[in-house]
Structures are given as structure tokens and as C-alpha cells.
Amino acid sequence: MSSKKDIASLNLCELEEELRSMNLPKFRAKQIYDWIHKKLVTDFCEMTNISKELIGRLNESYEIPSCSIERKLVSKLDGTVKYLFRLPDGEYLECVVMDYKYGHTICVSTQVGCKMGCAFCASGIGGFKRHLAPSEILSQIYTAQKDLGFRISRIVLMGMGEPLDNYDNVMKFLELVSDENGLNIGMRHISLSTSGIVPRIYDLLENEPQLTLSVSLHAPNNEIRSRIMPVNKSWDVGELLEACRVYADKTSRRISFEYAMMKGVNDTPECARELATRLKGILCHVNLIPANEVKEKSHQRSDDDSINKFKSILEKSGLTVTIRRTLGSDINASCGQLRRDKINEDSTEGKE
Ligand code: SAH
Ligand code: SF4
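According to my numbering, the sequence shown is numbered sequentially starting from 3.
This is the structure in C-alpha cells:
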């Protein structure tokens, strides 16, 4: 890691403070902040209203961490764009931009790898590498927006990593991305997905109640959930759903429960009935996802019949349910695939 300070993770007040210590006036901070967070430059040399002398001083002490585009795939079916980004330390991230009716939505990562070890997920296969800095989460959006040339208006924190395991950096990211001096994306246009770190859900309620919360539930009871999601051994279904109930009651905002349908694991009519009972009274929405099959994992996607039956049982009990439509199915090759292919490719080259 570089010894230079990450200037793009500072908010405007912090940047003013930083520049004051260099005996520079306040308006310089606003200019630099504007270059980084509005004009999206990644090199101090591009800041044309800053003197050469000051650019030299900034270059000595600070860096603007940013990702570069390693690969880009565009779906011929619906225009979904998938990027493989490279971070300055050589790590890779995947990022997807989808075109929904209500605007362009980007799915970003919050960590390199993941500690949570869910049995069906590709993100944790190589283990946990490191947290992403606020600037590195921002940079995924900045790089994509610059490349695409249109405004990205919605964000989902549903890429690699568990956002609530990188809580402080994610909170700082939310502050920066919603700042009117930056991209100014409102909290109501941002969704955060968690595997269920319960104490952090209560923290979120205190700090960012406007956010849309998605919870990866994937099972109606502890027996199944503990088998596929180790986090359930720390905070079980009862504790998780209680936190969700409190969150929804206090914010009056609907929680979205994610449920990846896996053949013979969690997709029976009994599971649907149990789930319906447990979700009773929670202001929520259930999102059924035909599970992506992952080369290194054994689960299989449920068939359409089981998914439709599951959906209708939930609906009969009064829940609102959607089946997630697959975007970019021609480039999807299951989430995380591009990154793993690249890592394998690099390690093979290294051996030669
Ligand atoms: N760590 C967070 C957010 C990133 S994962 C979380 O777990 O919520 C984004 C979503 O993809 C989660 O709902 C996760 O459970 C789901 N997911 C992971 N692997 C999947 C797979 N193979 N098929 C379908 N959904 C999957
Ligand atoms: Fe981590 Fe989420 Fe994948 Fe679980 S589903 S391993 S929490 S990224």
C-alpha cells in the first residue's frame, strides 16, 4: 500500500482542515473536492485551476485511489454492462451497471473477498483479502460513469463483500456519494444488502434510516440457514427478523428479503409456508432469486415450477413477492466469474 494519504476519502470539512495545515485557503479545498467528486478526475495534473507548484505538493503527500478498466462486457440483450476493475494494488473487482425503467443502477463491491463464507456464494471462495476504502467504493461509480457518459442515479451495495463488516468505510462512502457537492445521489436511491450482522442493522437505523435495506435471508429456519450461512450461528433467524421488524416499524420503509432458490435446499412448499408464518407482520417484500450455479459449489438452481409454487404460497398469505429478472444473462456467467478467471489466468502466467 502507498504511504500517501487517500484524499478522495475525505469529506469537504476534513479536506479544508487538511489544507489549512498546509497553510492553504478554504476555497482551494472546494476546488479540489469539485475536481475529485464532480468532475471525476483521478490525477492532480488535470486540475487546471490549481498552480503547478501546488499540484507538486499535492502529488508528494496525497493520492486519489481509483480503479482502472481491465475488461468490459456489454450485453447484447439488454445493454447491461459488466466491468472487471483493477485496483492500484493489483486486486480485482466486478461491477455491473443495469438499465432499469427508473434509471441506471450500479452494483458495487465493499470488500475484496468476503469473510462470511456463505455456501452458495462465489465472493468468498478465495477468502477475505481486505476492506475497500470509501474512495475505492466511490471510484467504481466514478470510473463507470465516466466510461459510459451518462448519469448513474441508483446504487446497490450488492457486489463482493459484506457491507456491514466494513461499516465505517461504508458509512463514509454513503456520506460522500450523497453529498450535494459530489454526485448527490439521495439515500432513498441507495440499497444496502446484508447477510445479517444484527448489531449493525440497529446502528444503521440510528445513522441512515433513509437507506433501503435488503436482507439475505435464504432460509425460513435456523436448521437450513445455519447450514448455508455461517453468520446465522452468531445471530439467528429470530434475532435477525426481530431487528428487521424494528427497522421497518421505525423507518416505515419496506425491507426487501432476498431468497436464492436452491433445488432441494430451501425451495419446498413447507419452506414457503414456514417463511410466510415468520414474515407475518413485517413490512417487507420478498425477492426470489433463481440461484446462480457456481462452478466450485454444489447447489443447483430450483426449477421454474418450484419457484412459481413457492411464490404463490407466499402471495396467498398476503406477502408481496417478485422473482428477480435476470439482466445481461448473455454476459452473466455467474457473478464473480470474471474476477476468478482473471486471478486464475494471472497465477498461471506467474508460474511460467
Ligand atoms: N454480502 C451481502 C451483499 C453482497 S451479496 C449479502 O450477502 O447480502 C449480494 C446478494 O447476492 C446477496 O443477497 C447474496 O445472498 C446473493 N448471492 C450470493 N451468491 C448467490 C448465488 N450463487 N445465487 C444467487 N444469489 C446469490
Ligand atoms: Fe459474503 Fe454476501 Fe457472499 Fe455471503 S452472500 S459470502 S455475505 S458476499
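We put the CB at the ideal spot given by N, CA and C, even for glycine.
Take the Cβ of residue i as the centre, count every other Cβ of all protein chains shown within 10 Å, and call the residue buried at 16 or more, exposed below.
{"i": "M24", "result": "exposed"}
{"i": "E354", "result": "Because the pLDDT at E354 is just 37, under 50, the model does not fix this residue reliably, and the value given afterwards should be weighed accordingly. Exposed, because fewer than 16 other Cβ atoms sit within 10 Å of the Cβ of E354."}
{"i": "Q212", "result": "exposed"}
{"i": "R229", "result": "exposed"}
{"i": "D269", "result": "buried"}
{"i": "T322", "result": "exposed"}
{"i": "Q142", "result": "buried"}
{"i": "R22", "result": "exposed"}
{"i": "Y85", "result": "buried"}
{"i": "R30", "result": "buried"}
{"i": "C120", "result": "buried"}
{"i": "N294", "result": "buried"}
{"i": "L60", "result": "buried"}
{"i": "S258", "result": "buried"}
{"i": "R161", "result": "The question names Arg, but residue 161 is Gly in the sequence shown. G161 should be labelled buried."}
{"i": "C47", "result": "exposed"}
{"i": "G283", "result": "exposed"}
{"i": "S70", "result": "exposed"}
{"i": "Y35", "result": "buried"}
{"i": "G184", "result": "buried"}
Determine the closest residue to residue i out of the options, with distance taken between C-alpha atoms.
{"i": "I226", "options": "L213, M263, Q212", "result": "M263"}
{"i": "G126", "options": "G151, I309, E298, D348", "result": "E298"}
{"i": "V217", "options": "A245, E55, R190, P232", "result": "A245"}
{"i": "T145", "options": "D167, T50, T253, F87", "result": "F87"}
{"i": "Y261", "options": "S70, L277, P211, K40", "result": "L277"}
{"i": "R327", "options": "S141, F312, M100, P232", "result": "M100"}
{"i": "P271", "options": "T253, D149, K313, H287", "result": "K313"}
{"i": "L242", "options": "L281, E208, I230", "result": "L281"}
{"i": "E62", "options": "D80, N183, I9, Y94", "result": "I9"}
{"i": "F175", "options": "W237, N13, F29", "result": "N13"}
{"i": "D306", "options": "G128, I325, L60", "result": "I325"}
{"i": "Y169", "options": "T112, D36, Q302", "result": "T112"}
{"i": "V83", "options": "G92, E96, N224, I34", "result": "E96"}
{"i": "G115", "options": "E210, S304, P165", "result": "P165"}
{"i": "P292", "options": "I284, Q302, L285, G283", "result": "Q302"}
{"i": "L150", "options": "R202, G81, S68", "result": "G81"}
{"i": "A124", "options": "Y64, S258, Y35, S300", "result": "S300"}
{"i": "I192", "options": "F122, K54, R255, H39", "result": "R255"}
{"i": "L290", "options": "I139, V296, K265, I284", "result": "K265"}
{"i": "S355", "options": "V248, L140, L219", "result": "Outside the displayed span of the chain (3 to 354) sits residue 355, for which this structure offers no information."}
{"i": "T253", "options": "N209, L134, M49, L17", "result": "N209"}
{"i": "P232", "options": "S68, I345, D251, G198", "result": "G198"}
{"i": "L159", "options": "I345, I309, L206, S195", "result": "S195"}
In the DSSP assignment, what are the bridge partners of residue i?
{"i": "M263", "result": "P292"}
{"i": "T107", "result": "M100, R156"}
{"i": "T324", "result": "N289"}
{"i": "Y85", "result": "K74, C97"}
{"i": "R114", "result": "The amino acid occupying residue 114 in the given sequence is Val; Arg does not appear at that position. Answer is R132."}
{"i": "T279", "result": "T279 is not bridged to any residue."}
{"i": "L140", "result": "In DSSP, L140 forms no bridge with anything."}
{"i": "Y64", "result": "K7"}
{"i": "Q193", "result": "Sequence check: residue 193 is Ser here, not Gln. According to DSSP, which records beta bridges pairwise, S193 is partnered with V158, T214."}
{"i": "R303", "result": "M264"}
Can you tell me where the alpha helix (DSSP H) holding residue i begins and where it ends?
{"i": "D269", "result": "It is not in any alpha helix (DSSP H) - D269 carries neither H nor E in the DSSP assignment."}
{"i": "P201", "result": "200-209"}
{"i": "Q33", "result": "28-39"}
{"i": "I309", "result": "306-318"}
{"i": "G184", "result": "Unbroken run through G184: none, as it is neither H nor E."}
{"i": "L42", "result": "Run containing L42: none; DSSP gives neither H nor E here."}
{"i": "K252", "result": "239-253"}
{"i": "R256", "result": "No alpha helix (DSSP H) holds R256; DSSP gives it neither H nor E."}
{"i": "S236", "result": "Where S236 is concerned, there is no enclosing alpha helix (DSSP H), given that its DSSP letter is neither H nor E."}
{"i": "S228", "result": "224-230"}
{"i": "E20", "result": "14-22"}
Considering just the uninterrupted stretch of the beta strand (DSSP E) at residue i, what are its terminal residues?
{"i": "K131", "result": "130-133"}
{"i": "F175", "result": "Premise fails: F175 lies in the alpha helix (DSSP H), 169-179, not in any beta strand (DSSP E)."}
TODO: Could you name the residues whose beta carbon sits closer than 5 Å to any heavy atom belonging to the ligand SF4, keeping them in chain order?
DONE: C116, M118, C120, C123, S125, G126, E164, S197
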